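When we follow UniProt numbering, the leftmost residue of the sequence shown carries the number 1, and every step to the right adds one.
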Amino acid sequence: MEDKFSKNFETDVDQCLWIGSKPEDLVIQKPLFRLKQFKALIKKRFIHTIRNKSLSLAQILIPVSFLAVLEPEQSPALKIKLSDYDHNYAPYSIKGIQTNGILSKLSIVYKNLLITSQNTQTFELTETNKINMCKSDRDSVENYLNCLGRNSFRMLNKQHFIATEFSYFRDKIQITGSFNNQPYHVAPLSLNLITNSLFKYFTNSSQNSITVINNPLPKNPSEILNESSFKSLNNFRIGTALNFGLSFLVASFSMFLIKEKTCGSKHLQFLSGCCPFMFWLSTFIWDFLNYIIPVFFVVLLFMIFNVIQIAGEDRIFYLVSLLILYGLAHIPQTYLFSLLFKVSSSGFSFITAWNIFTSQIGLIIIQILTIPNLGTSQIAGHLEIVFMILFPNFAMGQAIIDLYDNYENLKLCQDASYGCRYEPNPCCRYVKQLKRKKACGDFDCLYWNNDYWSWEKPGLSRYAVSLLFHSFFSRKKNLAFKLNSKEIQNSEVDSDVINNFMVSSLTKYYLNLRAVNQISFGVKFKECFGLLGVNGAGKTSTFKMITGQEDISNGEVFIDKINLASHRNKFQKRLGYCPQIDPLIDQMTVFETIMLFVSLRGIRNELEFSTTLSLINLFDLNEHKNKMCYTLSGGNKRKLSVALALVGSPNVILLDEPTSGMDPRTRRILWNCINKIRIRGKSLILTTHSMEEAEALCTKIAIMVNGEFKCLGSLQHLKNKYGDGFTLLLVT
């Protein structure tokens with residue numbers, strides 16, 4: 001295996017580290033450099049999205065499903081069936097004698113109709129069929145029901161919905177249907193059973209029948225006007241359902257960012273020269289495009305369900321505008337929340353809960369305070385402004401409610417207001433000719449605007465401005481979190497540290513805990529500096545400060561006279577870093593991962609492929625290059641992490657426990673790689689627990705205890721100073 005690995009080894013090392021070439025000749029310059037980074041970042045998000053089909057599908061289905069389950073505003077047509085009623089007794093009786101037996105035949109047809117329903121028991125009122133408590137009464141439906149009501153009103157009310165009496169009186173056939181008025185729709189059901197019996201008897205047809213359907217009539221203007229003074233829940237239900245769906249949608253955009261931050265991939269991308277602005281711009285553009293797709297289906301659903309109050313005619317433009325503004329406002333806010341979490345599921349759950357709470361609590365409070373009889377409309381107006389400033393979710397939900405209300409009130413009141421001089425009604429709010437105090441009568445006045453973008457309620461301009469404010473504020477805060485760093489004056493640097501790496505009095509405090517205490521060291525070219533120590537000694541904290549991942553409490557770090565504090569970007573471009581936790585995106589393959597960092601380093605297009613393959617060959621990853629990172633073994637993940645530290649041939653390479661989790665053979669192969677890289681002029685700094693590894697790789701060693709160097713020097717120096725003792729050999 002080692003022979004196979006060593007084949008063309010020297011060539012791969014030279015090509016990876018650009019031996020014999022000037023780095024500036026191999027890296028493209030601005031603005032193409034930024035464009036190249038942007039394309040690489042968009043490609044990264046594209047790969048992650050298409051390989052997370054379940055998340056992409058959920059982002060579409062969740063907002064749509066919350067709206068799809070809403071009941072329609074108007075009740076649908078209802079087919080009246082006897083099977084809709086459970087445990088029903090349907091008695092019938094025959095009174096009178098007819099020579100041709102029509103009554104008996106009709107009752108048989110009627111009985112057969114009832115028998116087809118499994119939930120109904122039918123019987124003729126005779127002495128043997130009546131309930132015991134009422135069998136002494138005459139064979140009359142009326143008498144039977146009266147008797148039953150006197151003895152067991154519960155049984156009458158719960159189990160007797162219909163009854164029929166067939167009678168022959170004065171040479172006329174009479175059929176009388178009775179019904180219980182407690183259940184809905186029983187009256188047309190009773191009538192339909194009788195008409196069906198007649199139809200089947202006279203047509204002698206068992207296949208055809210009469211069906212009764214209850215289709216509610218539309219409300220007339222008077223009914224609508226009377227009901228409009230009370231709060232309608234239709235607008236509130238739509239606004240709430242839409243907010244619920246969007247809350248889940250925008251929260252889902254935090255999951256990838258939290259994973260990328262937790263595994264260290266985002267920080268490594270910044271170390272590779274990625275511009276923070278370009279990183280967040282590409283992230284926002286991709287997430288916004290993913291946001292637009294569910295929004296399209298939401299608008300389509302409104303159109304399919306013909307919700308004309310929101311998605312009819314020009315109102316669809318207002319709906320789309322509000323949804324776009326909501327995305328612009330809330331996606332950056334989600335990025336801010338993502339910085340607070342280390343577990344993606346926890347972040348998603350909290351952000352979703354926060355979105356729902358801040359939207360629903362405000363909508364419910366405003367909905368209650370605007371109930372006419374409470375007289376708290378003025379308080380509701382003040383609270384509405386406060387909620388709009390604080391919560392973009394509320395602004396979105398309330399905007400949908402007002403868009404709905406404005407259409408309904410405008411349609412209702414644009415003609416009705418002409419009658420305000422003669423009769424008060426809820427539409428008289430805007431009639432200025434009236435000097436009566438109660439222009440709206442005993443109702444709560446309705447508000448509307450012909451201009452939907454009006455600033456005055458229920459116009460939409462206030463909500464649009466609120467969403468734009470949140471969009472601007474969130475993006476500014478987001479960039480402030482990422483771009484803010486301590487800017488100090490560059491210190492005087494002696495000539496003997498030129499082209500060198502130097503740490504001076506580096507100190508780190510976590511609250512009152514001093515994790516690193518004024519350590520200083522320097523690393524020349526072709527040197528490997530090793531930090532040895534147990535867990536908690538301060539090695540990883542030191543690396544995090546050197547790479548800019550943690551703020552430095554005190555001290556300075558230099559590469560080629562460049563101070564980390566004052567020139568962070570220039571400093572980080574000269575640094576390669578293999579963190580302790582593998583900074584890999586699970587859904588990307590080995591080849592795609594290296595290509596991503598090659599592009600971020602700005603390597604020319606014609607050299608991208610060859611550089612990537614050289615790194616793959618150098619670390620013996622050729623068999624795994626098309627495998628996604630989450631399928632790799634621990635050792636292969638470490639090799640890939642070390643390979644990423646070499647991209648762009650940085651001057652200084654930091655390796656935090658690079659051989660952790662490797663088997664002995666793979667470890668020695670990686671040691672060989674590291675030694676070859678050092679010999680070719682690179683400065684290496686690594687942390688390790690193993691003295692064997694330090695002996696194999698390091699030219700200078702520091703033993704770190706409780707954040708301090710206890711001893712520092714070359715391996716031979718440490719052996720001479722602390723190597724006194726003897727060797728005991730036992731022979732049996």
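In this text, a Cβ means the ideal position worked out from N, Cα and C, and glycines have one as well. Predicted model, so just to flag it, every value in this text is computed and none were measured.
Among Ile685, Phe609, Ile703, which residue has its Cα nearest to the Cα of Leu697? Ile685
By the three-class DSSP mapping on this structure, what secondary structure does Leu712 have? strand
Assign Lys432 to one of three DSSP states: helix, strand, or coil. For Lys432, the predicted structure reports a pLDDT of 44, less than 50, and the residue's modelled location is therefore unreliable. A value from the coordinates is still provided. Of the three classes helix, strand and coil, the one that applies to Lys432 here is coil, per DSSP.
Check each candidate in Phe284, Gly96, Asn208, Ser205 and name the one with the smallest Cα separation from Arg170. Gly96
Per-residue DSSP class, three states only, for Phe202: helix
Let's test the definition: count the other Cβ atoms within 10 Å of the Cβ of Lys411 and tell me whether it reaches 16, buried, or not, exposed. exposed
Beta-carbon contacts of Tyr291 that lie in its chain and below 6 Å, excluding the five residues immediately before and after: Gly327
Beta-carbon proximity of Val516 to Thr547, cut-off 7 Å: no
Leaving out five residues before and five after Glu384 in sequence, what residues of the same chain have Cβ atoms less than 6 Å from its Cβ? Ile366
Candidates Gly555, Asp620, Gly634, Gly648, of which the one nearest Val598 by Cα: Gly648
For the region 328-342 against the region 235-242, are there 3 or more C-beta pairs whose distance is under 8 Å? no
Determine the closest residue to Leu322 out of Asn243, Lys676, Leu268, with distance taken between C-alpha atoms. Asn243
Tell me Asn554's beta-bridge partners as DSSP assigns them. Thr507
Is there contact between the region 550-557 and the region 601-621, where contact requires at least three CB pairs shorter than 8 Å? no
Return the first residue and the last residue of the alpha helix (DSSP H) that Glu142 is part of. 141-151
Check the C-beta distance from Lys526 over to Asn500 and give it rounded, since I have them as a contact under 8 Å. The Cβ separation is near 11 Å, so there is no contact.
Give me the Cα-Cα distance between Lys637 and Thr589, rounded to the nearest whole angstrom. 11 Å
Assuming Ala251 and Ile389 form a contact by the criterion Cβ under 8 Å, report the distance between their Cβ atoms to the nearest whole angstrom. The pair is not a contact, with the Cβ atoms about 22 Å apart (cut-off 8 Å).
For the beta strand (DSSP E) that Gln514 lies in, which residues bound it at each end? The displayed chain sequence assigns Arg, not Gln, to residue 514. Element bounds for Arg514: 513-523.
Is the distance from the Cβ of Gln59 to the Cβ of Met278 below 7 Å? no
When we look at the beta-carbon of Glu657 and count the other beta-carbons within 10 Å, is it buried (16 or more) or exposed? buried
DSSP beta-bridge partners for Phe179? Ile162
Tell me the start and end of each unbroken beta strand (DSSP E) in the region 632-712 that is at least 3 residues and wholly inside, in chain order. 652-656, 683-688, 700-705
Looking only at C-alpha atoms, which of Leu246, Ser272, Ile379 sits nearest to Trp354? Leu246
Does the distance from the C-beta atom of Phe253 to that of Thr358 stay below 7 Å? no
Within 10 angstroms of the Cβ of Ala311, are there 16 or more other Cβ atoms? Answer buried if so, exposed if not. buried
In the structure shown, what three-state DSSP assignment does Leu95 receive? The amino acid at residue 95 is misidentified as Leu; the sequence shows Lys. DSSP places Lys95 in strand when its eight states are reduced to three.
Does the distance from the C-beta atom of Ile703 to that of Leu715 stay below 7 Å? no
Looking at Tyr89 and Ser197, is the spacing between their C-beta atoms short of 7 Å? no
When the distance is taken between beta carbons, is Leu103 closer than 7 Å to Tyr168? yes
Using beta-carbon positions only, say whether Tyr144 and Leu156 come within less than 7 Å of one another. no
Proximity to Ser65 [Cα-Cα], best of Val298, Leu55, His267: Val298
In DSSP terms, what Ile562 is bridged to: Ile559
Which residues mark the beginning and the end of the alpha helix (DSSP H) in which Phe529 is found? Premise fails: Phe529 lies in the beta strand (DSSP E), 528-532, not in any alpha helix (DSSP H).
So, helix, strand or coil for Asn214, using DSSP? strand
Reduced DSSP secondary structure (H/G/I, E/B, other) of Ile366: helix
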